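**Q** According to numbering that gives the first Met the number 0, the residues represented by the sequence shown are 0 to 144, in order.
The beta-carbon is built from N, C-alpha and C at its ideal position, and this holds for glycine as well.
Because the structure is a prediction, the values reported are computed rather than measured.
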Amino acid sequence: MRTKIVTCSTRRRRGKTWNGSQSNSIYLLSFRRRRVKKKKSWKSTYQRDRVEKIAEELGLKVFAPLWQHYQENYMKWLVREGFRVEITDVAARGLEKSWEGKILDQESVDKLIELSREYGFNPAGEGGEYETKVVGFPNSMFSDK
């Protein structure tokens, strides 16, 4: 059975399609909605376990790099480790359009954290406050060890 799933963010909706039972798909949709509404649901062990179980049933793997990490430190770590992260869209009060297209460096991450404290948004954009894409990875990720 192919089930259409609509995931929600604070600014746009995107459709995803995969094979799986309707009840599992509905749960994944409801989880996504809760995650967007609650900025700190990324800390819930129950939700993590439930999502991993459903993903396993669907033959998917869960990738959650922010799982139970202090997000300000995580953002600093990304830059320090050599990830090149571009802000592609902003949706939070306090983030001007000039952030769009910016590649994060230590200075811009510090400013982003400062603004997140001032305006009350998630510093890692986990509530849809901004969107990013990774445009470069650390060389160490691809070395033979």
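1) Quick one: which unbroken alpha helix (DSSP H) runs of 4-plus residues sit fully inside the segment 58–95? Chain order, please.
2) Suppose the cutoff is 8 angstroms on Cβ atoms and the five residues either side in sequence are ignored; what does the same chain contact list for residue 117 look like?
3) Suppose the cutoff is 6 angstroms on Cβ atoms and the five residues either side in sequence are ignored; what does the same chain contact list for residue 112 look like?
4) With DSSP collapsed to three states, give me the class of residue 132.
5) Using CA atoms only, rank isn't needed, just tell me which of 95, 119, 60 is closest to residue 87.
6) Given this structure, state the Cα-to-Cα distance separating residue 134 from residue 91, to the nearest angstrom.
7) If you count every other CB in all the chains shown that lies within 10 Å of the CB of residue 139, and 16 or more means buried, which is it?
8) What does the alpha-carbon distance come out to for the pair residue 108 and residue 97?
9) Smallest Cα separation from residue 132: which of 105, 141, 85?
10) To the nearest angstrom, how far is it from the Cα of residue 103 to the Cα of residue 110?
11) Could you tell me which of 69, 48, 137 sits nearest to residue 60, measuring between CA atoms?
12) Compute the distance between the beta-carbons of residue 78 and residue 129, then report whether it is under 8 angstroms.
**A** Checking against the coordinates, here is how it stands:
1) 70–80
2) Indexing the sequence shown from 1 puts residue 117 at position 118. Within its own chain, the residues whose Cβ lies closer than 8 angstroms to the Cβ of residue 117, once the five positions on either side in sequence are excluded, are 93, listed in chain order.
3) The sequence position of residue 112 within the sequence shown is 113, counting from 1. Excluding positions up to five away in sequence, the list reads 71, 122.
4) As a working note, residue 132 is residue 133 in the sequence shown. Residue state, collapsed to three classes: strand.
5) On the sequence shown, position 88 is the one that residue 87 refers to. Nearest C-alpha to residue 87: 95.
6) Residue numbering aside, residue 134 sits at position 135 when the sequence shown is read from its first letter. Residue numbering aside, residue 91 sits at position 92 when the sequence shown is read from its first letter. When rounded, the distance between both Cα atoms is 22 angstroms.
7) Mapped onto the sequence shown, residue 139 falls at position 140. Answer is exposed; the Cβ neighbour count stays below 16.
8) Along the sequence shown, one-based indexing puts residue 108 at 109. Along the sequence shown, one-based indexing puts residue 97 at 98. In this model, residue 108 and residue 97 are separated by some 14 angstroms (Cα to Cα).
9) As a working note, residue 132 is residue 133 in the sequence shown. Ranking 105, 141, 85 by Cα distance to residue 132 puts 85 first.
10) Taking the sequence shown and counting its residues from 1, the one referred to as residue 103 is at position 104. Taking the sequence shown and counting its residues from 1, the one referred to as residue 110 is at position 111. Roughly 10 angstroms between the two C-alpha positions.
11) Within the sequence shown, numbered from 1, the residue matching residue 60 stands at position 61. Here the closest residue by C-alpha is 48.
12) Residue mapping note: residue 78 aligns to position 79 of the sequence shown, counting from 1. Residue mapping note: residue 129 aligns to position 130 of the sequence shown, counting from 1. No.
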